[in-house]
Amino acid sequence: MIGAGRYRRDIDGLRAIAILPVLFFHAHVPGFSGGYVGVDIFFVISGFLITGIIAREVDEQRFSLVHFYERRFRRIMPALSLMILVVLAAACWLYLPGDIEGVPKSALAATLFASNLWFFTDTGYFAGGADVKPLLHSWSLAVEEQFYIGFPILLMLVARFAARWRGLIVGAIAALSLALAIALQRDTSGFTFYLLPTRAWELFAGALLALGAISAARQRWLREALAWSGLLSVTFAVIFYTRETVFPGITALPPVLGAALLLHCAPGTSVGRLLSLRLFVGVGLISYSLYLWHWPLIVFTEYATDAALTGWTASAVVATSFIAAILSWRFVERPFRDARRIPARRIFQFTGGAMALLCLLSLALLAMGGWPQRFAPQVLQLAAGHADISPARKACHDTFARDAQPCILGTNVRPDALLWGDSHGVEMAYALSLKARAEGRALIERTTSSCPPVLGYDAPKDARCARANQAAFAAIRADPGIRRVYLAAFWANGEFDDPAFVAKLDATIHALRAEGRQVILIGPVPPQPFDVPRHLAHLARAGQMGQAQGVDRATIEARTRNLRALFARWQARGVTLIDPMARLCDARRCAIIHDGKPLYFDSHHLSVAGARLVMND
């Protein structure tokens, strides 16, 4: 085993290299677009350190599961419990009813070390909605704790029945986990990101080092080269990866292997001395508390201000995160890790009591149903805009992904129209269905999340899009009764104004017209820089409804320049254009409320009220 039982300053320095990119990524600091890979570095470190402890004690026949979990509880539970308690209290003070309901659910999951399972079913790490989940970051702690449950037992069994094959067995499991992660790397459900089977190889990478499965590099020059390669590999991922990078999977190899190289080769090198500097070591010592506190502070700040962190706000939150981390490390972490001050029996009592208290508080908040009594009726009415969605959204959206039949909306007759689009088309389809029902007609809804209705479009993170669009076009060709095709998507997201993308949209419109179908293009909906129902509720709460205004029209026109340049040409060819901007915006600003109802149910999806305003003459 390598370095077993010996404190290494460079490992605390590596913890700093892991936590700082995560912090800066979440705080939107430029240059850290791939900062989320810091979590993967933590996994490698944890696998290395924990395996070293377990293997050494197993080999010496003095390993105790009780003692092992005592140390884990000392390390994890006190600071985690305090953070969850503060999050629950802050959410009760700050969150609107529709937003607070998810907090006690995630608190329950985090307390029981199952938050990765909860968030797997609830949201994606990069998906919308993450901005109101102050415990989202606890998913990685759950992965580690689940690893701690099974791995010690595995090593004990291997030591008893197959000691000679320990490294090989661990290596084989790691290879299977990596293979699964690569096979599922374009998975959109969150399985690959959140769950242990596809993350275990990262922990096992550190475990293999601790078990001595990889020979040490003896030449000084080779250790230097490998250590610098490891640091550069991590740096590359932090700087050049983005939210759009398909991750994890094969793209997780650079940060994981980089961290492994640093653990394996850094001691005695210039990189090791760099990581051992007091600044890095100091940040590494508080890294756990810094990880715990930074995300809730970011989430609550952005929630209260209805704006992403920028400039001085980001600097203030980063500074506050460090202060909170230092205090947590000094007054919570250190005392509880001192076995002389707090014996084993008391740490188990504390853990059990803290878990029971947090579960009871979470269940009580759930039973209160969002605690709406805190707010005035107008605030509640505006906040309820989050629920102003198509009643058919759950049943009719993403039918292709679920291998289900597309929905027919309107009356019980043969449909003569089809709406083809992404999630932005759902409420538009419902608004059209209300009109169709009044006229005795019907239409088909074919909407797929994050998949604009464009032939040849291949989403980097989602292999479904090309197949879903091909299926939609094939269905249109096969049904001559469909005379009108509505195209709807998030055209104003910036990416879709690329000339190459617009050219594919132009070709799609041409292909539909060649089939003899009338094409109705629903133009770009102006996205807002905030969650609209929440923003309006905050304004009502502060008595500032006079400030209820949306984004500048000029901003949206600039973001959709290439798309809008083709409007006149398409209309001259017989394409019907429904322009939401013409119906939502005046010469300067775009509206966010009409007749007392929010026009969006989040920052960029129209509510039913908004869709009816846009789609109905």
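The numbering of the sequence shown is the numbering used here, which starts it at 22 and goes up by one.
Cβ coordinates follow ideal geometry from the N, Cα and C atoms, glycine included.
I'd like to know whether the C-beta atoms of residue i and residue j end up nearer to each other than 8 Å.
i: L584; j: V523; result: yes
i: P550; j: A513; result: no
i: L156; j: V108; result: yes
i: K610; j: Q570; result: Note that residue 610 corresponds to Arg in the displayed sequence, not to Lys. Cβ atoms of R610 and Q570: closer than 8 Å.
i: Q206; j: V267; result: yes
i: P173; j: I75; result: yes
i: E466; j: L430; result: yes
i: A346; j: L311; result: yes
i: G279; j: S254; result: yes
i: D600; j: G544; result: yes
i: A337; j: H49; result: no
Please state the DSSP three-state secondary structure of residue i.
i: G442; result: strand
i: A563; result: coil
i: D573; result: strand
i: S624; result: coil
i: I599; result: strand
i: A21; result: Look at the range of the chain in this structure, 22 to 638, and you will see that residue 21 is not part of it.
i: C472; result: coil
i: I14; result: Since the first and last residues shown for the chain are 22 and 638, residue 14 lies out of range.
i: Y478; result: coil
i: I307; result: coil
i: G617; result: coil
i: Y451; result: helix
i: R423; result: coil
i: A202; result: helix
i: R367; result: helix
i: I543; result: strand
i: I71; result: helix
i: A375; result: helix
i: A148; result: Its pLDDT being 49, under 50, A148 is placed unreliably in this model, and the coordinates cannot settle the point.
i: H5; result: Only positions 22 to 638 of the chain appear in the structure, and residue 5 is not among them; the question remains open.
i: L466; result: Inspection of the sequence shows that residue 466 is occupied by Glu rather than by Leu. Of the three classes helix, strand and coil, the one that applies to E466 here is strand, per DSSP.
i: V506; result: strand
i: L430; result: strand
i: R534; result: helix
i: R207; result: coil
i: R585; result: helix
Relative to the alpha-carbon of residue i, which residue among the options has its alpha-carbon at the smallest distance?
i: V320; options: A111, L382, T263; result: A111
i: P317; options: N637, Y169, H158, A480; result: H158
i: W591; options: P619, I541, W160; result: I541
i: A510; options: S471, R30, A593, L533; result: S471
i: H531; options: P474, A130, M636; result: P474
i: L634; options: D623, K525, P619; result: P619
i: A281; options: R485, F69, L138; result: F69
i: V434; options: L464, L455, A413, L453; result: L464
i: L605; options: H625, A586, F588; result: H625
i: C113; options: T334, G251, L35, A325; result: A325
i: R358; options: A408, Y90, A388, A593; result: Y90
i: A273; options: L381, G595, G59, F45; result: G59
i: D519; options: R538, C486, A563, T581; result: T581
i: V277; options: F225, R244, A234; result: F225
i: A221; options: R239, A248, T341, G192; result: G192
i: A521; options: G477, A416, S85; result: G477
With 16 as the cutoff for other CB atoms within 10 Å, does residue i come out buried or exposed?
i: A457; result: buried
i: W644; result: Residue 644 is absent from the structure shown; the chain starts at 22 and stops at 638.
i: Y451; result: buried
i: W350; result: buried
i: D61; result: buried
i: D409; result: buried
i: I577; result: buried
**Request:** Count the C-beta pairs between the region 387-405 and the region 119-134 that are closer than 8 Å, then say yes if the count reaches three, no if not.
**Result:** Yes, the region 387-405 is in contact with the region 119-134.
**Request:** Please confirm if the region 44-58 is in contact with the region 256-263, defined as three or more CB-CB distances below 8 Å between the two stretches.
**Result:** Put simply, the region 44-58 touches the region 256-263. At least three CB pairs are less than 8 Å apart.
**Item:** Cβ pair count under 8 Å reaching 3, the region 28-47 against the region 296-306
**Value:** The region 28-47 is in contact with the region 296-306.
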